[in-house]
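Each residue of the sequence shown is one higher than the one before, counting from 12 in our numbering. Please read the structure below before turning to the comments.
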Amino acid sequence: MQLIPNEGELLNKYFFKLLKSKHTQQLVQQHPADNEHQQFLYPNLQQNEQILRSIYANCSDVIYRSFLISGKTKALLMYIDGLTNSTGLEEYVIAPLMKEDTEETIEIRQLIERKISVSYANECPTFSKCIEYLSNGNPILLRDHEACGLALGLTQWEKRAIEEPAAEAGIRGPREGFTETLRISTSQIRRIIKSPSLKMESMKIGDYTQTNVVISYIEGLVDETLVEEVKNRLNRIRIDGILESGNIEELIEDSPYSPFPQLLSTERPDVTCSSLLEGRVAILVEGTPFVLIAPTTFFSLLQAAEDYYQRFWVSTVIRWLRYSFTLISLLLPSLYVAVISFHQEMVPGSLLISMASSRESVPFPALIEALMMEVTFEALREAGVRLPKQVGAAVSIVGALVIGQAAVQAGLVSAPMVIIVAITGISSFMIPRYVAGIAIRLLRFPLIFLAGTLGLLGIMMGIIAIVLHLCSLRSFGVPYLASIGAPKIDELKDVLIRAPWWMMDKRPHFTGDYNEYRQSPGQKPGPDRSDEA
């Protein structure tokens, strides 16, 4: 299936605009053909070179290498310095063509097949194709008396080494993460899932960046409707450039005003492959290590890859701790403000006296005190993230200790409020997905405001509003709370608990039942008692 109906259309329009410029007006007058015909290369090498030089005017990194094939036919090699293997170009292309005695009548493709050793060679009959391949690092070979160029597979640029993802580190599991190079990322997925059913369809997004995007899925497991929906949403994007997968995420999500992410972003190949095996779709973007997974659910954001590599009892306990501390991170400051401001009768007498004595010298109400401390804590957290690693953690910890202690001694905040904010901050660190943690942190502030104005009634109203929003939210048409909205025993095995692998024999599908069983049932381990029988 062709993802882009008019591939190279934008480059052709750009080329037509250049043909009307002063640099190429004379050449156009010499060939008074229509614009549709003018996009093709001319048989005259000099004319092709002049037009390409006009297109890449003021581009010092574009290299032009003229030479003679066998001392007879004029040829031109054009490439972008830094994106092309210049050493291989000299050794495997220029040297063989200059030394060998080649017939002039031979076509350029046959010439490459006989004399040049490159990984691949694709024809470039139009200027737009030449621009496309040049931008991707492929050198273009042009020969006189031939209206077709050839893009050579000699790309080479600096790449970051494969490292462990800093935001998704774990004690047990694979230590490698995706990189900014798209083909390295796709190869990491292909190395895990070796089946030819793993499909990867490419497309380009961005008028100027022409960013390569790959849609990956497993044929036979994924719902074809989901794949078509992903393609349609990506094809609707019309933008100057894509610099990160977050740009695409905002342009294809269902509810753009929701604070909750509707696509799962990950740097780990094992998480991506696990999602593909569940019938989901992965979107890989050139230039970023973050892969988008669609669809996703709320509980997927609270699950870590390490849950599936440890014993199921440990993973279940940690998962429930994660759920509990997520609620604490969201509700604890607002509950404290509501109780102190409106519901003092809920606090035991001795504890109430202690809290009242600590707040005796505080000049602010509990609402202002909580908002002030929460904003300060968030500022310290962001400062720790933006600073270099060597000093970031120290600034966060020392800053929190010094500012908290000084604020209590100065009588600006109470000691219980400092404890509440510290527990809330620690609880937010339990959320494994950074984007999900940001959503919880943002919702914490309106809940504090409701608690300071309406008490527990305001908190209840806020919780009801959040639950209603989550119930109405969709991720590519899949309900955000699909795992518990219409509960099935097989799906709850990986939501409320982490069941052992020998029990999870069915695939957790959200978009249709395709290849329902992922393993044979009845694989509970135990000693072999066949000899006793």
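Ideal placement from N, C-alpha and C gives every residue a C-beta, glycine not left out.
Through-space distance from residue j to residue i, alpha-carbon basis
i	j	result
residue 15	residue 480	For residue 15, the predicted structure reports a pLDDT of 40, less than 50, and the residue's modelled location is therefore unreliable. The matter cannot be settled from this model.
residue 242	residue 226	8 Å
residue 295	residue 167	20 Å
residue 205	residue 181	25 Å
residue 533	residue 272	37 Å
residue 88	residue 94	14 Å
residue 99	residue 207	32 Å
residue 336	residue 437	9 Å
residue 529	residue 185	22 Å
residue 202	residue 173	14 Å
residue 262	residue 178	24 Å
residue 380	residue 326	37 Å
residue 220	residue 198	23 Å
residue 229	residue 358	56 Å
residue 286	residue 429	40 Å
residue 374	residue 270	34 Å
residue 55	residue 159	10 Å
residue 515	residue 440	29 Å
residue 414	residue 432	13 Å
residue 64	residue 319	56 Å
residue 462	residue 390	22 Å
residue 470	residue 309	21 Å
residue 36	residue 53	The predicted position of residue 36 is uncertain, since its pLDDT is 43 and thus under 50; a value taken from the coordinates is nonetheless stated next. So the alpha carbons of these two residues sit roughly 15 Å apart.
First through last residue of the alpha helix (DSSP H) which encompasses residue i
i	result
residue 476	467-483
residue 59	56-66
residue 228	Taken as a continuous stretch (DSSP letters only), residue 228 belongs to no alpha helix (DSSP H), being part of the beta strand (DSSP E) at 222-229.
residue 347	323-352
residue 109	106-110
residue 140	138-146
residue 276	Premise fails: residue 276 lies in the beta strand (DSSP E), 275-277, not in any alpha helix (DSSP H).
residue 514	Counting along the chain, residue 514 falls outside any alpha helix (DSSP H), and DSSP gives it neither H nor E.
residue 252	No alpha helix (DSSP H) holds residue 252; DSSP gives it neither H nor E.
residue 128	Looking at the DSSP string, residue 128 is not in any alpha helix (DSSP H), and its letter there is neither H nor E.
residue 360	360-369
residue 83	Residue 83 -> no alpha helix (DSSP H), and no H or E assigned at all.
Terminal residues of the beta strand (DSSP E) in which residue i lies
i	result
residue 435	Note, residue 435: premise wrong, no beta strand (DSSP E); alpha helix (DSSP H) at 426-439.
residue 294	292-296
residue 160	160-163
residue 76	73-80
Secondary structure of residue i, DSSP reduced to three states
i	result
residue 257	helix
residue 133	strand
residue 388	helix
residue 48	Any reading at residue 48 needs caution, since the residue's pLDDT is 37, under 50, leaving its predicted position unreliable; the model's value is listed next. In this structure, residue 48 counts as helix in the three-state DSSP scheme.
residue 211	strand
residue 303	strand
residue 89	strand
residue 27	With a pLDDT of 45 at residue 27, under the threshold of 50, the predicted position of this residue should be treated as unreliable, though the coordinate-derived value follows. Of the three classes helix, strand and coil, the one that applies to residue 27 here is helix, per DSSP.
residue 183	coil
residue 151	strand
residue 216	strand
residue 311	helix
residue 533	coil
residue 95	strand
residue 457	helix
residue 53	coil
Candidates the options, of which the one nearest residue i by Cα
i	options	result
residue 215	368, 208, 193, 202	193
residue 507	439, 328, 393	328
residue 251	218, 260, 268	218
residue 134	163, 387, 298	163
residue 222	150, 298, 279, 387	298
residue 66	55, 54, 50	50
residue 331	209, 154, 347, 313	313
residue 513	503, 531, 502, 527	531
residue 154	183, 83, 169	83
residue 136	128, 149, 68, 161	161
residue 369	275, 383, 526, 351	351
residue 91	126, 85, 145, 63	145
residue 190	383, 459, 300, 387	300
residue 266	505, 482, 536	482
Minimum Cβ-Cβ distance from residue i to chain B less than 7 Å
i	result
residue 473	Chain labels in this structure do not include chain B; a single protein chain is all it has.
Would you be able to state if there are at least three C-beta pairs under 8 Å between the stretch 290-309 and the stretch 486-493? yes
Are at least three pairs of beta-carbons, each pair with one atom in the stretch 53-66 and one in the stretch 139-156, less than 8 Å apart? yes
Examine the Cβ distances between the stretch 93-108 and the stretch 59-78 and report whether three or more of them are shorter than 8 Å. Counting C-beta pairs closer than 8 Å gives three or more between the stretch 93-108 and the stretch 59-78, which meets the contact rule.
If contact is defined by three or more beta carbon pairs under 8 Å, each pair taking one atom from either stretch, is the stretch 339-348 in contact with the stretch 450-466? yes
Quick test of the definition: if touching needs 3 or more C-beta pairs under 8 Å, does the stretch 418-429 touch the stretch 465-478? no
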